[in-house]
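Beneath this line is the structure, given in structure tokens, with notes to follow.
Given below as structure tokens:
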């Protein structure tokens, strides 16, 4: 039998991959773990390109993985940041209704928050002003457990903790091929290195469906990338926002709408919108990868999304192409803002799993095949929920190895 290089290979060095490696080393000390990340460092994509919000879990269907893991993960993330000196703050947030048609949905969020065990406070216009003097709305709810942190720093610390426990992290290691045998999984990287392990975990984010197919598995979905574009307030106007302010989300779409986020650095980020990206790492309109774009356009689910949500998509596209339109969206919450107050900020890309019928996968999606665990849908609030997600993935892969249960997983 060919010697194995490690027990578990983890593909992907974002916060979920690093959390998984950390969880394995804690649950089964001595398990040999190797993380393969194609970039030169951790957290270069979804983890490091978001608004840094620690989500409470109020939005998500009771009993879903998102609801369970976000509520638990938010508390754990705050504790982790405090223990390891990572910048963070529990700010609370407002979800604000600006039109009467939004009031039933706002009340629905109150009920959902209670079902998920999240304390919320209902506010009228005068009470909104107590939290956010420059924000206008008909009604709002205050969610006290929401906060902000530096998720990139969290991923880097998880990587260091895993390495301290014996894991190996290899950067610049792009996976090209995956081979499977009854007793092992083999991976070849772009530089020709071959690594063999007893099991593999796919945490490849924007490329997770492609990695699943490399392994010979049909993921049953496809990642359709959506770019989220941000602005930030000029420093002289940052005092317009004290904390976090969100609109009432559209339940037909998994995006939360353009919101206001005072980050740990004191700056105020505004966004994101959600427009189709022309590449999986398409952080600007001019970033086009023809093969990836062709794959998206050839997927039936992409066209079914377009037919089903074309009005919503047209609005998002207009806000992407017109700063004035984006500003108008912001002014619904923050009337005093002008286009001159907004400056462009780095964009992110959401790895959204889409089924062939055009359904946007709404929950975290984790699947298994012999010797492999695939994380196939882990967009927001995956960073918030990364510690419990990592334990869940570790539990599954260690059961595959016969290494027992993961400490703290339920």
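Residue numbers (the working numbering): 1179 to 1588. Each residue gets a CB set at the ideal place from its N, CA and C atoms; glycine is no exception. Computed from a prediction, not measured in an experiment: that's the story for all the values here.
- Beta-bridge partners of residue 1530 (DSSP): 1402.
- DSSP, reduced to helix, strand and coil, places residue 1496 within a helical segment of the structure shown.
- Note that the C-beta distance between residue 1334 and residue 1225 is not below 7 Å.
- The alpha carbon of residue 1423 has as its nearest neighbour, out of 1214, 1191, 1275, the alpha carbon of 1275.
- When the beta-carbon positions are compared, residue 1393 and residue 1367 stay at least 7 Å from each other.
- By the C-beta criterion, the stretch 1413-1420 is judged not to be in contact with the stretch 1461-1478, since fewer than 3 inter-stretch pairs fall below 8 Å.
- Here the stretch 1444-1453 makes no contact with the stretch 1533-1549; the two share fewer than three CB pairs at distances below 8 Å.
- Only buried fits residue 1266, as 16 or more other CB atoms lie within 10 angstroms of its CB.
- In the structure shown, residue 1215 adopts extended strand secondary structure according to DSSP, grouped into three states.
- Of all alpha-carbon atoms in 1537, 1329, 1512, the one lying nearest the alpha-carbon of residue 1437 is that of 1512.
- Residue 1221 sits away from residue 1562, with the two beta carbons spaced by 7 Å or more.
- If you draw a straight line from the Cα of residue 1338 to the Cα of residue 1517, it is about 42 Å long.
- Rounded to the nearest angstrom, the Cβ distance from residue 1321 to residue 1244 is 15 Å, too far for a contact under 8 Å.
- With a cut-off of 8 Å on Cβ pairs, the stretch 1546-1555 is not in contact with the stretch 1229-1249, counting fewer than three such pairs.
- Residue 1550 is bridged by DSSP to 1378, 1547.
- Per the DSSP secondary-structure output, residue 1346 pairs in a beta bridge with 1212.
- Here the alpha carbon of residue 1439 sits roughly 15 Å from the alpha carbon of residue 1559.
- With at least 16 other beta carbons inside 10 angstroms of its own, residue 1385 counts as buried.
- Residue 1438 is bridged by DSSP to 1423, 1448.
- At the C-beta level, residue 1193 and residue 1500 stay beyond 7 Å of one another.
- Selection 1183, 1207, 1227, 1182 evaluated against residue 1404 yields 1227 as nearest (Cα-Cα).
- By the C-beta density criterion, residue 1466 is exposed, having fewer than 16 other C-beta atoms within 10 angstroms.
- Sequence-distant Cβ neighbours of residue 1503 in its own chain, meaning closer than 7 Å and more than five residues away, are 1496, 1497.
- Counting along the chain, the unbroken alpha helix (DSSP H) around residue 1290 starts and ends at 1281-1293.
- Contact check for residue 1185 against residue 1210 passes: the beta carbons are separated by less than 7 Å.
- In the structure shown, residue 1515 adopts coil according to DSSP, grouped into three states.
- A distance below 6 Å between beta-carbons, with the five flanking residues on each side excluded, links residue 1515 to the following residues of its chain, in chain order: 1508, 1509.
- Counting along the chain, residue 1275 sits inside no alpha helix (DSSP H); it lies in the beta strand (DSSP E) bounded by residues 1271-1275.
- Beta-bridge partners of residue 1200 (DSSP): none assigned.
- For the set 1190, 1396, 1483, 1379, the Cα lying nearest the Cα of residue 1214 is the one of 1190.
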